[in-house]
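Notes to accompany the following structure.
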Amino acid sequence: MLNDKKIIQFSIADIIERKIQFTITNSIFDKIESKKNDEGERLAYNEMLVDIKIMGEDEFVSKYLEVVKKIGIQFEKEEISDEKEIEKMSGYNNAIVSILKLINPIYEYDLD
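All residue numbers for the sequence shown refer to the working numbering, where the first residue is 191 and numbers rise by one.
Okay, structure coming up:
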């Protein structure tokens with residue numbers, strides 16, 4: 191399961207891949223209850239996995255800060271009302287923030 195890599199050899203791609211795997215295999219949370227949240231997380235992680243291979247840091251951060259900002263506005267304006275879609279978008283949003291925090295912890299608090 192775990193590689194014997196030196197910690198310094200870990201990349202954001204490795205972390206994202208492990209996060210994807212966790213959403214698939216975890217037995218901590220009820221799979222039925224967390225299905226939509228996990229779906230949203232996997233969607234975000236897969237998109238970010240592609241983008242980290244082609245984007246520089248500034249472009250990546252700008253793109254995903256904008257995505258988080260748009261999701262926040264949608265939630266504020268209650269544009270998303272379906273409970274399952276809310277769960278999915280929450281998972282999507284939280285996954286993005288979890289990766290942005292690895293790049294710079296300020297992104298947990300300051301998304302402007």
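The beta-carbon is built from N, C-alpha and C at its ideal position, and this holds for glycine as well.
Note that the structure is a prediction, hence the values are computed from the model and not measured.
Could you check where the alpha helix (DSSP H) with residue i kicks off and where it finishes?
i	result
A276	Residue identity check: residue 276 is Ile in the sequence provided, not Ala. First-last of the alpha helix (DSSP H) with I276: E273 to I293.
E207	I202 to T215
For a test of the three-state rule: what should DSSP assign to residue i, helix, strand or coil?
i	result
Y297	helix
E266	helix
I197	helix
I261	helix
With C-beta atoms as the reference, is residue i less than 9 Å away from residue j?
i	j	result
S288	G230	no
L255	L290	yes
Starting from the N-terminal side, write out each stretch of the beta strand (DSSP E) that is 3 residues or longer and does not extend beyond the stretch 223-256. Taking 3 residues as the minimum length, the stretch 223-256 contains no beta strand (DSSP E) run wholly inside it.
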